[in-house]
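Each position in the sequence shown, counted from 1, maps to that position plus 1313 in the numbering used here. C-beta: ideal position from N, C-alpha, C; glycine also. Worksheet: the structure to be examined is printed underneath.
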Amino acid sequence: MLRAVAVGTSLAVAGCVGGGDDDNGEENNTDTPEPETEDDDSEDDSTAEPPAEETDDSTGETDDEGDGTSDQTDEESEEETTEPTLGELEVAFENNYRFSVSVPQLGEPVTGAFNGGNFYSVVAVEGETVRTYIVDGQQYIVADGSCTPVPSGTTGGVDVSSLADADTVEQDVTTAESASLTPSGTTTIDGMQTYVYELETQNTSVTYYIGVESQRLRRVETQGSTIDYTDWGAVDPITAPC
1314 MLRAVAVGTS
1324 LAVAGCVGGG
1334 DDDNGEENNT
1344 DTPEPETEDD
1354 DSEDDSTAEP
1364 PAEETDDSTG
1374 ETDDEGDGTS
1384 DQTDEESEEE
1394 TTEPTLGELE
1404 VAFENNYRFS
1414 VSVPQLGEPV
1424 TGAFNGGNFY
1434 SVVAVEGETV
1444 RTYIVDGQQY
1454 IVADGSCTPV
1464 PSGTTGGVDV
1474 SSLADADTVE
1484 QDVTTAESAS
1494 LTPSGTTTID
1504 GMQTYVYELE
1514 TQNTSVTYYI
1524 GVESQRLRRV
1534 ETQGSTIDYT
1544 DWGAVDPITA
1554 PC
């Protein structure tokens, strides 16, 4: 903002005293330099005025430039904070990760991991912990201190592989409908900042949480279930338990 500053100057004018005797005349002569001194003061005052005006103008220009810089910074900030669509993130998937599935029907989360074509899960059933493995196509059940290979075609344990399988999530995320989603905001999960993408359809609603920096799937929420994905690419090889 520009401010108008009024600068006033005061000039003192000394008068000359007239008389009939020589002493008064000498006094008049002695007083003669005073007007010159006043002129000097006047010149000093008049000289001091322009800097005050220049300072005001300079200050005004600085304010204007400051305003312009602020506006430009705000515009750049808005451009920088533009959040990407889900399709623009190009979320990376691979068959190597840990998961935790919280399902309303189960009291405790089902945990486990994938590595290549091998898989294991851990679930509490009636107070007992049951571990289910699938290694090289062979299924194993570890429970009550024993390890049992399950014959082909026999269902054993709790099958959560299809629920936690990221391949299914990848297919859902890459659809045209999901790819066009813009984030409804961001949130932090275990120290990781994530984008939040919400997909509403006639049949269901799904919320995807994608890491801002990693661009990895971190969580999926749907129909009351929550699936957390961690340690992408960091799971050791899964081997047969017996």
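- When DSSP reads this structure, G1524 sits in a beta bridge with T1507.
- Under a 10 Å Cβ-count criterion, Q1484 is classified as exposed, with fewer than 16 other Cβ atoms of the shown protein chains found around its own Cβ.
- An exposed status is given to G1430, since fewer than 16 other beta-carbon atoms sit within 10 Å of its beta-carbon.
- Between L1530 and V1404, the gap from beta carbon to beta carbon is short of 7 Å.
- The three-state reading of DSSP puts T1517 in coil, since its state is none of H, G, I, E or B.
- In the DSSP assignment, Q1484 falls within the unbroken alpha helix (DSSP H) covering 1479-1486.
- Secondary structure at A1456: strand, using DSSP grouped into helix, strand and coil.
- Only residues of its own chain outside the window of five on either side were considered, and among them F1427, N1428, G1429, G1430, A1479, D1480 have a CB closer than 8 Å to the CB of N1408, listed in chain order.
- If you draw a 10 Å sphere on the C-beta of I1540, you find 16 or more other C-beta atoms in it, and that means buried.
- In the same chain as M1505, and ignoring 5 residues on each side of it, the C-beta atoms closer than 7 Å to its own belong to G1524, R1531, in chain order.
- Taking C-beta separations shorter than 8 Å and ignoring five residues to either side along the sequence, the partners of T1507 in its chain run T1499, T1500, T1501, Y1522, I1523, G1524, V1525, R1531, R1532, following chain order.
- Residue pairing for E1441: DSSP places it in a beta bridge opposite V1438.
- CA-CA distance, E1421 to V1436, rounds to 7 Å.
- Ranked by how close their Cα comes to the Cα of T1514, the residues S1527, D1503, C1555, L1494 have L1494 in first place.
- Residue range 1399-1402 is occupied by the alpha helix (DSSP H) that includes E1401, with no beta strand (DSSP E) assigned at that position.
- Residue pairing from DSSP places G1498 in a beta bridge opposite V1509.
- About 7 Å separates the beta carbons of Y1446 and A1553, which is inside the 8 Å limit, making them a contact pair.
- Here F1406 has A1479, E1483 as same chain residues with Cβ atoms under 6 Å from its own Cβ, once five neighbours each way along the sequence are excluded.
- In the DSSP assignment, E1534 falls within the beta strand (DSSP E) that extends over 1530-1535.
- Note on P1550: under 16 other CB atoms within 10 angstroms of its CB, so exposed under the neighbour-count rule.
- As DSSP reads the structure, A1426 sits in a beta bridge with R1411, Y1433.
- According to the DSSP assignment, S1538 belongs to the beta strand (DSSP E) that extends over 1538-1543.
- In the assembly as shown, P1417 is an exposed residue. Its beta-carbon has fewer than 16 other beta-carbons within 10 Å.
- Proximity to N1516 across G1400, A1492, S1459, T1535 peaks at T1535, based on C-alpha coordinates.
- By the 16-neighbour rule on beta-carbons within 10 angstroms, V1438 is exposed.
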